[in-house]
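Peer 1: Here it is, the structure, as structure tokens.
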Amino acid sequence: MTTKTYSEVWNLDVFFKGGSSSPELREHLNTLSVKLDTFQQRLSTFEVPQGETDSNKIFSIIEETKEIAENLSQAGAVIGCYLAQDTLDKQANLLQGEMGSLGARFSSSMLVVQQQLSKTEDSVWVSLMENNQLIKFAFVLNEWRDEAKELLTEKEEDMITALSVDGYHGWSQLYDVLVGDVRVRVTVDGEEKEFSVGQASNLSSHSDASVRKESFDALEHSWTEKEEFFAKTLNHMAGFRLAVYKKRGWDSVLREPLHMNRMKQETLDAMWGAISAHKTPFVNYLKRKSELVGADAMNWCDLDAPVTKSTQKVSYQEGAEFILKQFGKFGPELEKFSRKAFEDEWIEAEDRPNKRPGGFCTGMPLSQQSRIFMTYSGTMSNVATLAHELGHAFHSHALRPVHWMNRQYAMGVAETASTFAEMIVADAAVKEAKTDEEKLALLEDKIQRSVAFFMNIHARFLFETRFYEERKKGIVSATRLNKLMEEAQREAYGDGLGEVHPHFWASKLHFYISRVPFYNFPYTFGYLFSLSIYAKAIEEGSNFEEKYISLLQDTAIMSVEDLAMKHLGEDITQHAFWEKGIALCTKDVEEFLALTSSKG
1 MTTKTYSEVW NLDVFFKGGS SSPELREHLN TLSVKLDTFQ QRLSTFEVPQ
51 GETDSNKIFS IIEETKEIAE NLSQAGAVIG CYLAQDTLDK QANLLQGEMG
101 SLGARFSSSM LVVQQQLSKT EDSVWVSLME NNQLIKFAFV LNEWRDEAKE
151 LLTEKEEDMI TALSVDGYHG WSQLYDVLVG DVRVRVTVDG EEKEFSVGQA
201 SNLSSHSDAS VRKESFDALE HSWTEKEEFF AKTLNHMAGF RLAVYKKRGW
251 DSVLREPLHM NRMKQETLDA MWGAISAHKT PFVNYLKRKS ELVGADAMNW
301 CDLDAPVTKS TQKVSYQEGA EFILKQFGKF GPELEKFSRK AFEDEWIEAE
351 DRPNKRPGGF CTGMPLSQQS RIFMTYSGTM SNVATLAHEL GHAFHSHALR
401 PVHWMNRQYA MGVAETASTF AEMIVADAAV KEAKTDEEKL ALLEDKIQRS
451 VAFFMNIHAR FLFETRFYEE RKKGIVSATR LNKLMEEAQR EAYGDGLGEV
501 HPHFWASKLH FYISRVPFYN FPYTFGYLFS LSIYAKAIEE GSNFEEKYIS
551 LLQDTAIMSV EDLAMKHLGE DITQHAFWEK GIALCTKDVE EFLALTSSKG
């Protein structure tokens, strides 16, 4: 049997032929603009519901909302892909600005709906939520209504939305332009080469310490050189957000991200509290690793360094087949779906210039497809990243039978599905290792994810929390931002670090995402939450897949606390739940320390 060769370049032409200059895309956006006009006109006559007879009107609005939202998502996702695959695509940059305006118009329309629903008499509302047409949307409709009660007047919120296009999202887009323009020169294998940020970031796992150091220093030089640009961008984004919060009377900067993630403050506190209390094993790991790489202390530039000389290189084809094999052991649906993603060219993995850094998965709801973006360089970490993004895509696939209204899951549970898929692959890689050296490399790769979620993400959370508190008092200088980041890294990593990365705040896209505040703690939530799901999957075998899909289908219609209680029987506001997951990660560290006890 001949093994199929999978393309490393995605196919976007199935959506709109011709890239960012596509006439089909232009027509789609023009039609969408007309639909928005019609929707806005219709809402001008939408009055406060007075009785159960208004259920038909509400249902009709839901259906129209679905149509516009899916058309917006489709275009926005494809344009995002154009920009990711080529940061120099000027036409895509213009289209992204246009999408911002269309999105603002849609948000304003939705605000009208929410405001009218919030004015409904309580007794009428209860009756409406028991209506056969609306009962399945009750959770989301109640959310809409509650959100509207927390907002300013319709006119004020409409103005905020309109101003955000240039005054808020525009700063976020500027960051993408600034990073896309960065090029560094690094000597690799005796030859000086030019790298984009994404390519240079991949050198962090290079086997040659001098390459890692030179790459880190070159990037750090670029961040330092442009730190005033990045500081101004970050300050103005935060300033806009804080000004909106102040007008709404919101004191805590965590109010919005917690609400968006359908999470209680007690849950977040319990998670970080449990992590902070159990960092010692991971500090010990960092100290041991510094010995293994021949350093006096674990410096930032060596965090991703390989711990064995014979670090395995895995071709894209081999990585794909390994993922499919392991997914197949979990369940047939996950394997079948992922094979389709590879065969139908849903994945952009080629290592080439001008791609943006990082990885993501985005959905095209009208086509019921996803697209995955990354830069594949042949490491097992890349394989795990690919599995992670396929997990995101599978989450969307699992929700296909569910109405659009009930598919809008939050980031924390989104990271659960992706991390679960990643864990299947990472665990299998360790178990199938043929030698101690190979096992050590794979085990270390697995532990690195725990360090990322328990330490790196914690540092981001600490930095962002403290930055926002200082930003309330005025502009925070680049020098102060460096200091805040260094303090956060020192605290989050215990005493496990030597040299830190003071410009991490400038290098990380997540701080500059305007549509999602605090793009950090949901990752750690998803990681630990998925560990509990993974434990159940191991216990129940392939029979668990159906239950897993059922859990995914509930992710957008209940709080994370209720989701955990329903499907796992756990109270996640208590330390005990989080400590179970941390204990599993600690076992990996113990095995690593045992395997390396005679090295260093």
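If you count by full-length UniProt numbering, then the sequence shown holds residues 1 to 600, one letter each, in order.
All residues carry an ideal CB built from backbone N, CA and C; glycine is no exception.
As the structure is a prediction and not an experimental result, all values here were calculated from the model.
#1: Hey, out of 473, 591, 531, whose CA is closest to residue 430's CA?
#2: What did DSSP end up calling residue 265 once you bin it into helix, strand or coil?
#3: Classify residue 159 as buried or exposed, calling it buried when 16 or more other Cβ atoms lie within 10 Å of its own Cβ.
#4: Output the distance between the C-alpha atoms of residue 586 and residue 579, rounded to the nearest integer angstrom.
#5: Would you kindly work out how many angstroms separate the C-alpha atoms of residue 2 and residue 384, rounded to a whole number?
#6: So, under 8 Å CB-CB, residue 398 and residue 552 are touching, yes? Tell me the CB distance rounded to an integer number of Å.
#7: For residue 503, tell me which candidate among 270, 4, 218, 304 has the shortest Cα-Cα distance.
#8: Just confirm the distance between the C-beta atoms of residue 459 and residue 488, as a whole number of angstroms; I'd bet it's less than 8 Å.
#9: Can you tell me which of 86, 9, 93, 529 puts its alpha carbon nearest to the alpha carbon of residue 573?
#10: The beta strand (DSSP E) with residue 193 in it runs from where to where?
#11: Taking DSSP's pairing of strands, which residues face residue 372 in a bridge?
#12: Can at least three beta-carbon pairs, one atom from the segment 287 to 300 and one from the segment 464 to 477, be found at a separation below 8 Å?
#13: In this structure, does DSSP put residue 186 in helix, strand or coil?
#14: Skipping 5 residues on each side, what residues in its chain have a beta carbon closer than 6 Å to that of residue 175?
#15: Can you tell me whether residue 336 is buried or exposed? The criterion is at least 16 other CB atoms within 10 Å of its CB, across all chains shown.
#16: Where does residue 594 land, buried or exposed, given buried means 16+ other C-beta within 10 angstroms?
#17: Sort 206, 341, 133 by Cα distance to residue 306 and report the nearest one.
#18: Tell me whether residue 592 sits in a helix, a strand or coil according to DSSP, three-state version.
#19: State the DSSP-derived secondary structure class of residue 353, mapped to helix, strand or coil.
#20: According to the Cβ coordinates, are residue 330 and residue 532 closer than 8 Å?
#21: Could one say the Cβ of residue 377 lies closer than 8 Å to chain C's Cβ atoms, at least one of them?
#22: In the DSSP assignment, find the alpha helix (DSSP H) that holds residue 133 and state where it starts and stops.
#23: Does DSSP put residue 16 in a helix, in a strand, or in coil?
#24: In this structure, how does DSSP classify residue 513 when only helix, strand and coil are distinguished?
#25: Among the residues of its own chain, which have a CB less than 7 Å from the CB of residue 52, if the five just before and after it don't count?
#26: Answer yes or no: do residue 404 and residue 84 have a C-beta to C-beta separation smaller than 8 Å?
#27: Given a cut-off of 8 Å, decide if residue 253 and residue 468 are closer than it, judged by their beta-carbon atoms.
#28: Let's test the definition: count the other Cβ atoms within 10 Å of the Cβ of residue 421 and tell me whether it reaches 16, buried, or not, exposed.
#29: Pull up the distance between the alpha-carbon of residue 544 and that of residue 564, whole angstroms please.
#30: Return yes when the Cβ of residue 50 is within less than 8 Å of the Cβ of residue 165, no when it is not.
#31: Whole angstroms is fine: what's the gap from residue 589's alpha carbon to residue 447's?
#32: Give every residue of the same chain whose Cβ lies closer than 6 Å to the Cβ of residue 382, excluding the five residues on either side of it in the sequence, and list them in chain order.
#33: In terms of alpha-carbon separation, which member of 6, 55, 63, 71 lies closest to residue 26?
#34: What residue range does the alpha helix (DSSP H) around residue 451 cover?
#35: Going by C-alpha to C-alpha distance, which of 147, 89, 139 sits closest to residue 18?
Peer 2: Reading from the atomic positions:
#1: 591
#2: helix
#3: exposed
#4: 10 Å
#5: With a pLDDT of 45 at residue 2, under the threshold of 50, the predicted position of this residue should be treated as unreliable, though the coordinate-derived value follows. Distance between the alpha carbons of residue 2 and residue 384 is about 25 Å.
#6: 4 Å
#7: 218
#8: 4 Å
#9: 529
#10: 191 to 196
#11: 347, 361
#12: no
#13: strand
#14: 233, 512
#15: exposed
#16: exposed
#17: 206
#18: helix
#19: coil
#20: no
#21: In the structure shown, chain C cannot be found, because there is only a single protein chain.
#22: Element bounds for residue 133: n/a, residue is neither H nor E.
#23: coil
#24: coil
#25: 127, 128, 131
#26: no
#27: yes
#28: buried
#29: 16 Å
#30: no
#31: 7 Å
#32: 376
#33: 71
#34: 436 to 451
#35: 89
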